[in-house]
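Some notes on the structure that comes next.
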Amino acid sequence: MNYRIGTPASSSHHRSWAVHSAQSGSSGQAFQGHWSALPGSSTSPSPIPNAPLLHPVSLPHPNAASHQSPMSYQNSSTSHSSFIVLHSLLSYGPNLRFNITQDLAHVQLRPGCSPAMLQELAVQPPVSHMIITIPGLCAWTIEVVNPRGITVNNVLAMIRETLNRSVASHEMQRSSRAVNAAVDSFRARSRADPREHAQGVKRVDFLGPKVFFAGLARARDGSDSWEIHFAQNV
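Quick note, the sequence shown lines up with residues 1 to 234 if you use UniProt numbering.
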């Protein structure tokens, strides 16, 4: 049962960047070199002519033995180590503008970023399964699966799908403050769209005004999961 409430309110849209369609495609894309280190990286390897640009990062990994990298690095937080590089479109402070309340066709890339980057692998080495947690909303997780290797587009699509699901009545059993804030967000978001109002409160409404994707970061608990961050604007 979907949770419906009150009278809808309006929301605004910003169109300052170039719009590119994030259509799905083949996930087996070759490594294109559009990768960046996660926050906290302090070292980088010597450049190799004609090699894709990589930055080493210090990330904990509980299964380091099965995640060996041809490049070594120093791990600052655990005795285990791994070398995982996140695509620059997904890194914290991303090179894209993604309002998760809108369809992926509205994703906007910064100048110099090709739409083809959306079909590139989300991380190197490639993975077929990702768990993304939402700080403050631990009851909901985002699970991304692609046996051929998860792409940037796969991640963005699953973020939107997961957070735009209607909230069932039993999921509203939260603090009154959180529920009231979500209801206010719902009213503001759906005022101009009767179809949205008919779908009731959605998970995204619990984010309040922070509906723009702000990037992923490796989970601080040393697990294989990632944390997603949002901003009021980017």
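All C-beta atoms in this analysis are idealised placements derived from N, C-alpha and C, irrespective of residue type, glycine included.
What separation, rounded to the nearest whole angstrom, lies between the Cα atoms of residue i and residue j?
{"i": "residue 218", "j": "residue 161", "result": "21 Å"}
{"i": "residue 173", "j": "residue 221", "result": "27 Å"}
{"i": "residue 91", "j": "residue 165", "result": "25 Å"}
{"i": "residue 86", "j": "residue 123", "result": "5 Å"}
{"i": "residue 233", "j": "residue 199", "result": "25 Å"}
{"i": "residue 208", "j": "residue 116", "result": "31 Å"}
{"i": "residue 125", "j": "residue 181", "result": "40 Å"}
{"i": "residue 104", "j": "residue 163", "result": "13 Å"}
{"i": "residue 226", "j": "residue 194", "result": "35 Å"}
{"i": "residue 107", "j": "residue 196", "result": "20 Å"}
{"i": "residue 140", "j": "residue 171", "result": "10 Å"}
{"i": "residue 127", "j": "residue 147", "result": "8 Å"}
{"i": "residue 110", "j": "residue 216", "result": "18 Å"}
{"i": "residue 228", "j": "residue 102", "result": "17 Å"}
{"i": "residue 189", "j": "residue 84", "result": "37 Å"}
{"i": "residue 93", "j": "residue 132", "result": "17 Å"}
{"i": "residue 136", "j": "residue 224", "result": "19 Å"}
{"i": "residue 129", "j": "residue 183", "result": "33 Å"}
{"i": "residue 201", "j": "residue 138", "result": "18 Å"}
{"i": "residue 114", "j": "residue 175", "result": "43 Å"}
{"i": "residue 169", "j": "residue 112", "result": "45 Å"}
Could you check where the beta strand (DSSP E) with residue i kicks off and where it finishes?
{"i": "residue 260", "result": "With the chain covering 1 to 234 only, the question about residue 260 has no answer from this structure."}
{"i": "residue 130", "result": "129-133"}
{"i": "residue 217", "result": "212-218"}
{"i": "residue 143", "result": "141-145"}
{"i": "residue 86", "result": "85-87"}
Residue range of the alpha helix (DSSP H) that residue i falls in?
{"i": "residue 117", "result": "Premise fails: residue 117 is in no alpha helix (DSSP H) and is neither H nor E."}
{"i": "residue 186", "result": "176-190"}
{"i": "residue 207", "result": "It is not in any alpha helix (DSSP H) - residue 207 carries neither H nor E in the DSSP assignment."}
Would residue i pass as a contact of residue j if the rule is Cβ separation under 7 Å?
{"i": "residue 186", "j": "residue 205", "result": "yes"}
{"i": "residue 121", "j": "residue 149", "result": "yes"}
{"i": "residue 152", "j": "residue 89", "result": "yes"}
{"i": "residue 255", "j": "residue 145", "result": "Lying outside 1 to 234, the shown extent of the chain, residue 255 is not represented and no answer is given."}
{"i": "residue 142", "j": "residue 158", "result": "yes"}
{"i": "residue 167", "j": "residue 191", "result": "no"}
What are the partner residues of residue i, as DSSP defines its beta bridges?
{"i": "residue 230", "result": "213"}
{"i": "residue 102", "result": "Beta-bridge pairing links residue 102 to no other residue."}
{"i": "residue 124", "result": "85"}
{"i": "residue 151", "result": "121"}
{"i": "residue 91", "result": "216"}
* To do: Decide yes or no for the touch test of the stretch 86-97 against the stretch 199-217: beta carbon pairs closer than 8 Å, at least 3 of them.
  => Yes, the stretch 86-97 is in contact with the stretch 199-217.
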